[in-house]
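Student:
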Amino acid sequence: MTNPTDNTAGKKQDMKSTPRNPRRALAGMVAGSGLLLTGCATNAPQDIFQPKGPNAHDINQLQKLVFPIAGIVGVIVLALATYIFLKFRDRGQAIPSQAHGRPIVEITLTVVPALILSVVGVFTFRTIFDLAETQDTEMVINVTGQQWWWEYDYPVQEDFGINQPIITSGQLVMPVGTKVLLRETSRDVIHSYWIPALNGKKDAVPGRINLLRLEADKPGIYAGQCTEFCGLSHANMRMEAVALSKEDFAKWVANQQKPYAAPAAGTLAAEGEQVFLNQCVRCHQVNGQKRADGTAVIAAPDENVYSGAAPNLSHLMTRNTFAGAMFDLLRPACRKDVWSAKPEEFGAKYLAGVSEDCLNATDLRAWLRNAPAVKPMYADPTKLGPTDGKYRGMPALGLSETDIDKLVAYLLTLK
Amino acid sequence: MVRTRSVGPLEYPAASAVALGAVAYLFSRVMLNVSKSAGAALFIVIASVVVSVAFLAAYRPSFRGRPLVAVLALRAQLAKYSKEDPYSITHRECGPEESEHYDHHAGNAVNLRANVLATVFVKDGKAYAELIGIKKPVNSITIARSNDVNILFRNLDEKEHRMVIHLGEKAVAETGVVEKLENCTQLAGKNQEQLLTVNIKKPTIAMKDGYKIEVPGAEGEIEVIVP
Amino acid sequence: MAIIERPSTAPAVPAVATPSSSLGALKRPMMETGWKSWLFTVDHKKIGIMYGAVAMFFFIVGGVEALLIRLQLAMPDGKILNADVYNQMFTMHATTMIFLFAMPMAAAFANYFLPLQIGARDVAFPRLNALSLWLLVIGGVVLNLAWFLGGAADGGWFMYAPNSGPVFSPSNGVDFWTVGLQIAGIASLIGSINLIVTVLNMRAPGMTFMKMPVFTWMILVVQFLLVFSLPVITVALVLLMFQREFGATFFDAAAGGDPLLWQHLFWIFGHPEVYVLILPGFGIISEVLPTFARKPLFGYPFVVFSGASIGLVGFGVWAHHMFATGLGPVSVAVFSIATMAIAIPTGVKIFNWLLTMWGGKIWYTTAMKFAIGLVLLFTVGGLSGVTHSVAPSDTQQTDTYYIVAHFHYVLFGGMVFGLFAGFYYWWPKVFGRLLNEKMGSWNFWLMFFGMNLTFGPMHILGLQGQPRRMYIWTDARAGEGFFNLAFWNMVASIGSFILTAGVLVFLINVVYTWRKGPVAGADPWDARTLEWLTTNPPKPHNFDRIPVVHHLDEFFHRKYEEDTATHTMRRIADGADLVRAEEAAADSDIHLPGPSYWPLVLALGIGVLGLGTIYGIPVMVVGAAVILLGSFGWVLEPSVPADSEIDPPSVDGPTKEIAPLG
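Chains as they are written, first to last, in our numbering: chain A, 1 to 415; chain B, 1001 to 1227; chain C, 2001 to 2662.
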């Protein structure tokens, strides 16, 4: 419900009554659960009443049914209660007759809610099965959760030009108007995938594959958050779903499949690649990277990280976030530019990736300097007994400032 | 139908409830009919009889029936593989079965019926995979790196089959012998299911030949991609 | 068996062939005053008061934890607590409030009033009653000991596997948590069996089931819920303990286990647990509302059966906590519909409470205000609950602050307000003094206002997409405008302090009343049920004469008579006179259970054994030895103490003697 009159009515009622009369504040609040709270127009990015795709829209249809019903029932009950409180106060009347109730009233009061609920039940039933539909899936993305980031991999799908598997993290990129099926699982504990604008939550459970259908109507960026408590940095485990027009998506796919280009010799970035090869490849894979002797570089997160995986950094600078979407790769101004872009301009802005000017160097450098200091993780080398010496999260690498300079220069080339 | 699908048949809990009820009833009848002090003495006698019978039963070798052997065999197997096997704790011998004591309907466990990564079928001598959420059969599945995944194998043919996943090769350091790494399910008869839990640590790009699933004796192989 | 014998004029028949003193060396602790009279008591009233005191202590502990949480979340990127401590804080807040405050406080009311309401002299198993109290205390101590020994449990009160495993929660917090909850679970289980037997066997003559007060009914339903749900959580806790201490793999997907197994076990317990928490509150206000509306409860059988059916259906809705876990559409649909179904008996209760007041003569005491507060707040919580029962809509709401708002309206509004109604209503019964009504009014309005200000905004926060259990929230996702998270988080935090002020007023009121509160008469509220047919506070033996029951609301019907012509009620007796009449016609030779050391010893042994699972076998051996000693002492304690152990029996009037007891 985006009707502005509902919105203001709700606000007025609530603001007026809250400070003075709690009982009316309460009435307002209940009416609110139907009207006031659904009437949000320009609010938080995870507002659940702002569907931006058919699945969330189906859910919202139900919410638009059940919230007003709850609100109306609430108002009726509270109005009745208020009437009773005022009308039957002790004014010195005689002790009333000790009647024990009337079955006919009781039965009515049982049957009426049952009828209301069965109406809600029918719609609920239908929507549950509609949302579970997967037979008409157009695209599949595997989603793997771990402490405290999400990995997305795109199996080979010729229809979308995906000829070799694509692996990324931080941002889920998908084409608009396409029925995308997420096949979710987890590498360690239970996480939950939630992009409120696109669909409800679905847990990522170790050993299981859970399905979640997403479809976006328009290009744009949609915020989400891990919603199953998953340990220390649960609050920092965020996600962003990026919907691109089909043409833009094809461009994105092509770029992701572009072969690795090592930085030109003698540049700062080339020195950065050496730092990367000395430090980062222990966990982080950059596809196509080769050592001086021509052998392929294969990261070994399985030997160093408990979950056995670390974000694949190929084409890092095509993403807008890092560290499990906790930090932005874009400076606030540039970020705002992308987030508030109109649907038709969004694709170009997003595909531009992160330029040197827009890079949020402060957070990136802080992260490289001492990651556990900015994101709570189990990365204290002295306390890794339970995991046989493996980290949960990224440890402090003890890099010098010049190494960090080099590394940042190198990372900027990963586009 | 329900019987074969349920984890434990219904008779066991039902029968034990009846038995317990009978014991409690009889016990209460007896105890209420004797005096307080005689009751205490009687209780001590009954308790000692129960304890001694239980003790004897536990130590009589013939009492250890087949279920116990099966459990012990399974435990030995688990202990054997959990040590050195980097990929999986499920069955690994791809030769003849060592034991007949294994679950022939692995897919009946509730947690494994639902939400497996893929189900591999053999039908009319052909092997193919189905993924939940995807309509058509596929011959390529993607498994995320370092992730425990369950793959169910269902045999629809008359002939017994097992599923094999090929995980590349490993050179043994001292001898230089190249050893094939593979993992198998146990044999599945017609309409039976077996489960394979795998965790592949290295991506496909690190491998010479990649990973694949085969069903010996059936056509077709399923490519396994680890991004 | 410790069934207290029915009073009779014939002298007690001494039991034969039992030892004549407790183990020879230990003299039975017969004192009636001083700390020993509390520590070793088996009197249900003293035990009830101690339950209440323990629960109140943990209410304050849990409240402080809640305040720290709200302080942390008042502003974006809070710095009061770090992530680790925050996780411990919200875990222990929930655990403390549920297992160490709400359940024991309900047990306090049940222990104290249930025997009084059914006209009994004690519960069926008085020593077991003491054992449950001490086990609860020890469970609470073990749970909170972890704070000082490397950090408390940090997996949330739901403790989902595998996050609760030794790798993901390396401190000993979860170990203390599993042990503490198992001990507290034994306490509840023993208590529930005790109360069930009491209700089934020890009702006064004439009190049929349909003449039982609603509070007793609801407590009976709760005890059945506990008996059937606690074993499930115990199984789950044992599995978790084996997983942590002995390397089992029940919840480990790699080894063929299933993380969802924990969730199913936990919620099969956890959902009935919700009703375990809420039904005592319902029971209390079902006593308070009729008393102050001067009308019997509207539709008594409907309220009773709706309570029972809530209890029954409550076992069939657990998976609505798991709509997002990928159960598959069929399961989701079934549990969704079942959840809607449970709204119906709940609605019946609300309407019955309102109709109880309809046509009444409402006297707005503080107790009544809290009872009305419950009806209003629970209505809000119930309606937001209906929005969760719609599974697709729940997948948007679950694990957000909307849920936090919902269950605080249900539990704080529904449970805590019920308990406070009970405090004000029954305080004169227990302590003989009336709580100050003026302070009571402040107490109510501050709590009512603070509660709405704290939890009301959480509806908004949740619907704006703020997830639960986050140690910080970020400005980047707070949004703008009227519904921005920053404003409402701040409002909620301010509200929590107003709420705290309300609770503080209550504590001040308690101290004030204890010092100089007015002495209550025998019947300050013109009450309706049997517990008022005795002095305030009741004598150790409760009733001088076991009442014979003819009516629902027996006490009221002894005071009033209906004029058959005009259908008006005519007062025929004064409550105080009725109580005096009972005293005059007192039974002699009333048999009461005697105090005992053994419940405390046994409880301590179980506590030490529990700690042994963490600290190793030597500690376990000590614990087991103490348990053995306690059990033997208990069993060998004579049913009738030697003459030398009894205070000189009084020569005239009702006498207390030690009855055969178990």
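Note that CB positions come from ideal geometry on N, CA and C, so glycine has one too.
Just verifying my parser: in three-state terms, what is the DSSP assignment at C/F2514?
Tutor: Checking the sequence, you will find Trp at residue 2514 of chain C rather than Phe. The answer is helix: DSSP assigns C/W2514 an H, G or I state.
Student: Alpha carbons only, please: which of A/N320, A/S340, A/A396, A/L368 is nearest the one belonging to A/P381?
Tutor: A/A396
Student: Please identify, using Cβ separations under 7 Å, the residues of the stretch 121-152 of chain A that lie next to chain C, in order along the chain.
Tutor: G121, T124, F125, T127, I128, F129, L131, A132
Student: Alpha carbon to alpha carbon, how far is C/I2138 from C/L2604?
Tutor: 7 Å
Student: Can you name, in chain order, every residue of its own chain whose Cβ lies under 7 Å from the Cβ of C/V2303, other than the five neighbours on each side?
Tutor: V2214, S2286, L2297, K2349, N2352
Student: How far does the alpha helix (DSSP H) with A/L268 in it extend, from its first residue to its last?
Tutor: 268-278
Student: Closest by CA to C/D2154, which one among C/A2308, C/A2106, C/V2232, C/M2089?
Tutor: C/M2089
Student: For B/Y1012, decide whether its Cβ has a neighbour in chain C, counting only Cβ atoms nearer than 8 Å.
Tutor: no
Student: Give the DSSP-derived three-state secondary structure of B/Q1194 in the structure shown.
Tutor: strand
Student: Determine which residues of the stretch 2377-2411 of chain C have a Cβ less than 9 Å from any Cβ of chain B, and write them out in chain order.
Tutor: Answer set for the stretch 2377-2411 of chain C: empty.
Student: Do A/P343 and A/K179 come within 8 Å of each other at the CB atom, strictly closer than that value?
Tutor: Cβ atoms of A/K179 and A/P343: not closer than 8 Å.
Student: Would you call the stretch 258-274 of chain A in contact with the stretch 350-360 of chain A, where contact means no fewer than 3 C-beta pairs closer than 8 Å?
Tutor: Not touching, per the Cβ criterion.
Student: Between the alpha carbons of C/P2593 and C/F2305, how many angstroms are there, rounded?
Tutor: It is roughly 34 Å from the alpha-carbon of C/P2593 to the alpha-carbon of C/F2305.
Student: For the alpha helix (DSSP H) containing A/I72, list its first residue and its last residue.
Tutor: 54-87
Student: Rounded to the nearest angstrom, what separates A/N210 and A/K258 at their Cα positions?
Tutor: 31 Å
Student: Going by Cα to Cα distance, which pick from C/R2580, C/S2132, C/H2567, C/L2100 is closest to C/L2039?
Tutor: When only C-alpha atoms are compared, the closest one is C/S2132.
Student: Report the residues of the stretch 37-70 of chain A with a CB closer than 7 Å to any CB of chain B, ordered along the chain.
Tutor: none
Student: Distance, Cα to Cα, A/A269 vs A/L411?
Tutor: 8 Å
Student: Where do the ends of the beta strand (DSSP E) carrying A/L181 lie?
Tutor: Annotation for A/L181: the continuous beta strand (DSSP E) segment containing it runs 180-186.
Student: Any idea what DSSP makes of C/T2041, helix, strand or coil?
Tutor: coil
Student: Along the stretch 1140-1174 of chain B, what residues have a CB closer than 7 Å to any CB found in chain C?
Tutor: D1148
Student: Exposed or buried, A/Q93, counting other C-beta atoms within 10 Å across all chains shown (16 or more means buried)?
Tutor: exposed
Student: Measuring straight from C-alpha to C-alpha, what distance separates C/M2159 and C/L2081?
Tutor: 21 Å
Student: Under a three-way DSSP split, which group does C/S2132 fall into?
Tutor: helix
Student: For B/T1185 and chain C, any beta-carbon pair shorter than 8 Å?
Tutor: So no, B/T1185 is outside the interface.
Student: Look up A/F322 in the DSSP assignment and give the residues it is bridged to.
Tutor: A/F322 has A/F327 as its beta-bridge partners, per DSSP.
Student: Rounded to whole angstroms, what's the CA-CA distance from C/L2354 to A/I107? Just pull it up for me.
Tutor: 15 Å
Student: Measure the alpha-carbon distance for C/W2514 versus C/A2520 and round it to whole angstroms.
Tutor: 12 Å
Student: State the start and end residues of the unbroken beta strand (DSSP E) segment that holds B/K1212.
Tutor: 1211-1214
Student: Can you check whether the CB of A/T185 is closer than 8 Å to the CB of A/N312?
Tutor: no
Student: Taking C-alpha atoms, which residue in C/K2046, C/V2491, C/F2224 lies nearest to C/L2200?
Tutor: C/F2224
Student: Check whether the stretch 2102-2111 of chain C touches the stretch 2046-2058 of chain C, taking contact to mean three or more Cβ pairs, one atom from each stretch, closer than 8 Å.
Tutor: yes
Student: Below 7 Å on C-beta distance, what does B/L1117 contact in chain A?
Tutor: I209
Student: Where does the unbroken beta strand (DSSP E) through C/E2561 begin, and where does it stop?
Tutor: 2560-2562
Student: What number of angstroms, rounded off, separates the C-alpha of C/H2550 from the C-alpha of A/G74?
Tutor: 39 Å
Student: Taking 8 Å as the CB-CB limit, is C/G2256 close to chain B?
Tutor: yes
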